[in-house]
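J.: These protein sequences, in sequence, are chains A and B.
Sequential numbering of the first sequence, starting at 351, is according to this note's numbering.
Sequential numbering of the second sequence, starting at 351, is according to this note's numbering.
There are 2 protein chains.
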Amino acid sequence: MTNKQDIRSDDIRSIVCASILVALVLVLASAFFPRKVFAQPALPSWNDTAAKSRIVDFVKATTTEGGEGYVAPEDRIAVFDNDGTLWSEQPYYFQLGFVLDRVKALAPQHPEWKEKEPFKSVLSGDLAGVAKSGELGLVDLVTSTHAGMTTDDFNRLVTDWFATARHPKTGKPFEEMTFVPMVELLQYLRANGFKTFIVSGGGIEFMRPVTEKLYGIPPEQVIGSTITTQYALVDDVPSLRRLPKIDFIDDGAGKPVGINQFIGRRPIFVAGNSDGDYEMARWTTGGKHHGFAMFVHHTDDVREYAYDRKSPFGRLDKALDEAARRNWLVVDMKADWNRVYAFDK
Amino acid sequence: MTNKQDIRSDDIRSIVCASILVALVLVLASAFFPRKVFAQPALPSWNDTAAKSRIVDFVKATTTEGGEGYVAPEDRIAVFDNDGTLWSEQPYYFQLGFVLDRVKALAPQHPEWKEKEPFKSVLSGDLAGVAKSGELGLVDLVTSTHAGMTTDDFNRLVTDWFATARHPKTGKPFEEMTFVPMVELLQYLRANGFKTFIVSGGGIEFMRPVTEKLYGIPPEQVIGSTITTQYALVDDVPSLRRLPKIDFIDDGAGKPVGINQFIGRRPIFVAGNSDGDYEMARWTTGGKHHGFAMFVHHTDDVREYAYDRKSPFGRLDKALDEAARRNWLVVDMKADWNRVYAFDK
Numbered sequence: 351m352t353n354k355q356d357i358r359s360d361d362i363r364s365i366v367c368a369s370i371l372v373a374l375v376l377v378l379a380s381a382f383f384p385r386k387v388f389a390q391p392a393l394p395s396w397n398d399t400a401a402k403s404r405i406v407d408f409v410k411a412t413t414t415e416g417g418e419g420y421v422a423p424e425d426r427i428a429v430f431d432n433d434g435t436l437w438s439e440q441p442y443y444f445q446l447g448f449v450l451d452r453v454k455a456l457a458p459q460h461p462e463w464k465e466k467e468p469f470k471s472v473l474s475g476d477l478a479g480v481a482k483s484g485e486l487g488l489v490d491l492v493t494s495t496h497a498g499m500t501t502d503d504f505n506r507l508v509t510d511w512f513a514t515a516r517h518p519k520t521g522k523p524f525e526e527m528t529f530v531p532m533v534e535l536l537q538y539l540r541a542n543g544f545k546t547f548i549v550s551g552g553g554i555e556f557m558r559p560v561t562e563k564l565y566g567i568p569p570e571q572v573i574g575s576t577i578t579t580q581y582a583l584v585d586d587v588p589s590l591r592r593l594p595k596i597d598f599i600d601d602g603a604g605k606p607v608g609i610n611q612f613i614g615r616r617p618i619f620v621a622g623n624s625d626g627d628y629e630m631a632r633w634t635t636g637g638k639h640h641g642f643a644m645f646v647h648h649t650d651d652v653r654e655y656a657y658d659r660k661s662p663f664g665r666l667d668k669a670l671d672e673a674a675r676r677n678w679l680v681v682d683m684k685a686d687w688n689r690v691y692a693f694d695k
Numbered sequence: 351m352t353n354k355q356d357i358r359s360d361d362i363r364s365i366v367c368a369s370i371l372v373a374l375v376l377v378l379a380s381a382f383f384p385r386k387v388f389a390q391p392a393l394p395s396w397n398d399t400a401a402k403s404r405i406v407d408f409v410k411a412t413t414t415e416g417g418e419g420y421v422a423p424e425d426r427i428a429v430f431d432n433d434g435t436l437w438s439e440q441p442y443y444f445q446l447g448f449v450l451d452r453v454k455a456l457a458p459q460h461p462e463w464k465e466k467e468p469f470k471s472v473l474s475g476d477l478a479g480v481a482k483s484g485e486l487g488l489v490d491l492v493t494s495t496h497a498g499m500t501t502d503d504f505n506r507l508v509t510d511w512f513a514t515a516r517h518p519k520t521g522k523p524f525e526e527m528t529f530v531p532m533v534e535l536l537q538y539l540r541a542n543g544f545k546t547f548i549v550s551g552g553g554i555e556f557m558r559p560v561t562e563k564l565y566g567i568p569p570e571q572v573i574g575s576t577i578t579t580q581y582a583l584v585d586d587v588p589s590l591r592r593l594p595k596i597d598f599i600d601d602g603a604g605k606p607v608g609i610n611q612f613i614g615r616r617p618i619f620v621a622g623n624s625d626g627d628y629e630m631a632r633w634t635t636g637g638k639h640h641g642f643a644m645f646v647h648h649t650d651d652v653r654e655y656a657y658d659r660k661s662p663f664g665r666l667d668k669a670l671d672e673a674a675r676r677n678w679l680v681v682d683m684k685a686d687w688n689r690v691y692a693f694d695k
């Protein structure tokens, strides 16, 4: 028999022991169970509509070992268009905003621009006039503002621009014009073993300075259009100079080419919003795995913009026609998202 | 006071309690301490010479928070040449072995090759004759054997070749001709937060099918020379066709260009073995971080080969001259490695 003193001492030991056991179980549980067990529900900015269910069902099938739709982690490659898919592309591509600001900044060194299109239209704020200059005019604008400096200098120009420039409609910094549901989707895919890439028609070095911050995507997972660069020693210091020559347009049929060149594997998930993403959707859904394709349909003229078949930026026509037949998901921004931007209430 | 029975019961409780505590401490320790604390010494196939010390010192400085040489994990980019750096390049580039075998396999469909150089020399086993055909002849050989099929088909050809072809000197499968100390170095860098890339003059799609298996490097971290590919629908099935046109030569001054295009960050570690790696060594060691460059010097004509300034494959001349002045490490294969291949005793 034990006396009261002993019983109390035993009790304390038992309590201590039990506490340690509970702590041990918790530590082991947190170490061995996937984090998502304790996490928030996935995709909180997505309404509980069919769109969300289809995404979640695909990811579950992909990650269920032994299941028919299982895909090994190394093959879980997800590619995302950027303009109009991850951030807004209205009233014009953000990179065009950068071009316009660069033309204005460089104008004092180029008095001839006052009389020369498309620079004249840019300087007088005539966007329709800029559009009239066509593809050649646009190439002229890009090479005049994106070339003739080192890659390091260009990186700085872009970084500085993002730090100060504002969206013409919302007045917010461009960096805040990313779609929250899509950033959640990137995170959700990564949490399920996917490696996420951007595959955009935009300039590769225009996106890379900000993609890690905005999307958690490092520079080496960003594919885009490129201009030719050249290695040279300047005062015996190695540098890479950007030449006024388009090297590769990562759009339309260029997207599967870019994907193959940079990634070397066929994706199993693709998100886009325009016909420029049609070919990479075909490529992604045409492989041995049953790839998943989705298109963001801009249907929300209150929180963002409503446009598709007739927009000069991000025209969605052919892909919209074929989506149902090809079992591609069309996301109805207005109905499927309860939030667009982080600054929305 | 307690009786013997109680003492024993208390003892058992104490022992159980202590055991749980020890287990808890071990679990917490393994969770919170870096794995390397319990691991084998790094780089076992490297002798304890200055070469190994310099590598280890650099990695320690890079990973010591608060230290002068500290580099944040996202900037720990390491690039490796492949031919002569990660695997052998003698008596000729392995990819040339693939070309020779392809020419022989395709010869029945090309009776004209019997009279046409450089094919004639290939078919008669006259490597000197092949060399005489120069760069244009080589381009002809490459485009004849590397183009005209889909990327998927080419991947299969390469995979099948590696499964059967043998090294002309050792008789081993080419996949076994990788340098164990370099594979250890890749692992060591990755264990210290580095992201490892291959930056090779070799064909990107010749390397990608095997780099994960041989080096733990996934396809998207392999940069190499490319030929032009084109997206097309064949019987309404999307495909990427390899065209007989060189797109990009990832060698010499092309290497910093390729690094910038694919990675978008300047590396802080580079390993090469020839003058083709000179420019990427300059680029790596010319940034804001004190980048580390090393060159494998082939000094071992017993276990591998001994060559440098006069070799047609992997000529090391200028980089060897400048290494000391630029503080680049020259690894003496014979003295610094206690093992070359995994099949060595």
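Glycine included, every Cβ here is placed at the ideal spot set by N, Cα and C.
In this text, all values refer to a predicted model and were calculated from it rather than measured experimentally.
Could you tell me the alpha carbon to alpha carbon distance between residue 599 of chain A and residue 673 of chain A, rounded to whole angstroms?
T.: Going from the Cα of residue 599 of chain A to the Cα of residue 673 of chain A covers about 25 angstroms.
J.: Between the alpha carbons of residue 569 of chain A and residue 559 of chain A, how many angstroms are there, rounded?
T.: Going from the Cα of residue 569 of chain A to the Cα of residue 559 of chain A covers about 7 angstroms.
J.: Give the straight-line distance between the Cα atoms of residue 455 of chain A and residue 507 of chain A, rounded to the nearest whole angstrom.
T.: Going by the C-alpha atoms only, they are around 11 angstroms apart.
J.: Tell me the residue span of the beta strand (DSSP E) that contains residue 429 of chain A.
T.: First-last of the beta strand (DSSP E) with residue 429 of chain A: 427-430.
J.: Tell me which residues share the same chain as residue 426 of chain A and place their Cβ nearer than 7 angstroms to its Cβ, disregarding the 5 neighbours each side in the sequence.
T.: Excluding residues within five positions, the ones whose Cβ falls inside 7 angstroms are 412, 543, 544, 545 and 618.
J.: Quick check on residue 575 of chain B: buried or exposed, where buried means 16 or more other Cβ atoms within 10 Å of its Cβ?
T.: Buried, since its Cβ has 16 or more Cβ neighbours within 10 Å.
J.: The beta strand (DSSP E) spanning residue 518 of chain A covers which residue range?
T.: Premise fails: residue 518 of chain A is in no beta strand (DSSP E) and is neither H nor E.
J.: State buried or exposed for residue 435 of chain A, treating a residue as buried only when at least 16 other CB atoms are found within 10 Å of its CB.
T.: That one is buried.
J.: Between residue 549 of chain B and residue 609 of chain B, how many whole angstroms is the CB-CB distance? I'm expecting something under 8 angstroms.
T.: So it is a contact: roughly 6 angstroms between Cβ atoms.
J.: Mind checking if residue 508 of chain B is an interface residue toward chain A, Cβ cutoff 8 angstroms exclusive?
T.: Taking Cβ atoms only, chain A never reaches closer than 8 angstroms to residue 508 of chain B, which makes this a no.
J.: Where does residue 496 of chain A fall in DSSP's three states?
T.: DSSP places residue 496 of chain A in helix when its eight states are reduced to three.
J.: Identify whether residue 584 of chain A lies in helix, strand or coil by the three-state DSSP scheme.
T.: Residue state, collapsed to three classes: strand.
J.: Can you tell me whether residue 606 of chain A is helix, strand or coil according to DSSP?
T.: DSSP places residue 606 of chain A in helix when its eight states are reduced to three.
J.: Just the C-alpha distance for residue 511 of chain B and residue 519 of chain B, rounded to the nearest angstrom, thanks.
T.: In a straight line, the C-alpha of residue 511 of chain B is about 17 angstroms away from that of residue 519 of chain B.
J.: Hey, does residue 579 of chain A have any beta-carbon neighbour from chain B nearer than 8 angstroms?
T.: Taking Cβ atoms only, chain B reaches closer than 8 angstroms to residue 579 of chain A, which makes this a yes.
J.: Considering only the alpha carbon of each residue, which of B:553, B:643, B:474 and B:490 lies closest to residue 669 of chain B?
T.: That would be B:643, whose Cα lies nearest to the Cα of residue 669 of chain B.
J.: Going by alpha carbons, who is nearest to residue 591 of chain A out of A:417, A:522, A:641 and A:505?
T.: Ranking the options by Cα distance to residue 591 of chain A, first place goes to A:505.
J.: Straight-line CA distance for residue 418 of chain B to residue 637 of chain B?
T.: C-alpha separation (whole angstroms): 15 angstroms.
J.: So, residue 551 of chain A versus residue 597 of chain A, is the Cβ gap smaller than 8 angstroms?
T.: Contact flag unset, no.
J.: Do the region 448-464 of chain A and the region 486-500 of chain A meet, that is, are 3 or more Cβ pairs less than 8 angstroms apart?
T.: In short, these stretches touch, since the Cβ pair count reaches three.
J.: Going by DSSP, what residue range makes up the beta strand (DSSP E) through residue 679 of chain A?
T.: Unbroken beta strand (DSSP E) run through residue 679 of chain A: 679-682.
J.: Where does the unbroken beta strand (DSSP E) through residue 549 of chain A begin, and where does it stop?
T.: Taken as a continuous stretch (DSSP letters only), the beta strand (DSSP E) holding residue 549 of chain A covers 545-553.
J.: So which residues on chain B does residue 613 of chain A lean against when the C-beta distance must stay under 8 angstroms?
T.: Those are 569 and 570, listed as they occur along chain B.
J.: I'd like to confirm the pairing. Which residues does DSSP put opposite residue 577 of chain B in its beta bridges?
T.: Bridge partners of residue 577 of chain B: B:596.
J.: Have a look at the DSSP bridge pairing and note the partners of residue 396 of chain B.
T.: Answer is B:687, bridged to residue 396 of chain B.
J.: Could you say which of B:409, B:514 and B:612 lies nearest to residue 523 of chain B if we only look at CA atoms?
T.: Of the candidates B:409, B:514 and B:612, the one whose C-alpha sits nearest the C-alpha of residue 523 of chain B is B:514.
J.: State yes or no: is the beta carbon of residue 432 of chain A nearer than 8 angstroms to at least one beta carbon in chain B?
T.: No, residue 432 of chain A lies away from the interface with chain B (no Cβ there is under 8 angstroms from its Cβ).
J.: Grab me the residues of residue 693 of chain B's own chain with a C-beta within less than 7 angstroms of its C-beta, minus the 5 sequence neighbours each way, in chain order.
T.: So the list reads 522 and 526, once near-sequence residues are dropped.
J.: Can you find a CB in chain A that lies within less than 8 angstroms of the CB of residue 423 of chain B?
T.: Not an interface residue.
J.: What is the DSSP secondary structure of residue 387 of chain A, reduced to helix, strand or coil?
T.: For residue 387 of chain A, the pLDDT reaches just 45, beneath the cut-off of 50, and the residue's location in the model is therefore unreliable, leaving the point undetermined.
J.: Taking residue 431 of chain A and residue 443 of chain A to be in contact with their CB atoms under 8 angstroms, please state how far apart those CB atoms are, rounded to whole angstroms.
T.: That belief does not hold up - the Cβ atoms of residue 431 of chain A and residue 443 of chain A are roughly 12 angstroms apart, past 8 angstroms.
J.: With burial defined as no fewer than 16 other Cβ atoms inside 10 Å of the residue's Cβ, what is the status of residue 445 of chain B: buried or exposed?
T.: With 16 or more other Cβ atoms within 10 Å, it is buried.
J.: Once DSSP output is grouped into helix, strand and coil, what is the label at residue 649 of chain B?
T.: Three-state result, residue 649 of chain B: strand.
J.: Within this structure, are the beta carbons of residue 682 of chain B and residue 625 of chain B separated by less than 8 angstroms?
T.: Not closer than 8 angstroms, so no.
J.: So, at 8 angstroms on beta carbons, what are the nonlocal neighbours of residue 562 of chain A in its own chain, with the 5 sequence-adjacent residues on each side left out?
T.: Excluding residues within five positions, the ones whose Cβ falls inside 8 angstroms are 568 and 569.
J.: Kindly say whether residue 607 of chain A, judged by its beta-carbon, lies nearer than 8 angstroms to any beta-carbon of chain B.
T.: It does: the Cβ of residue 607 of chain A has a partner Cβ on chain B nearer than 8 angstroms.
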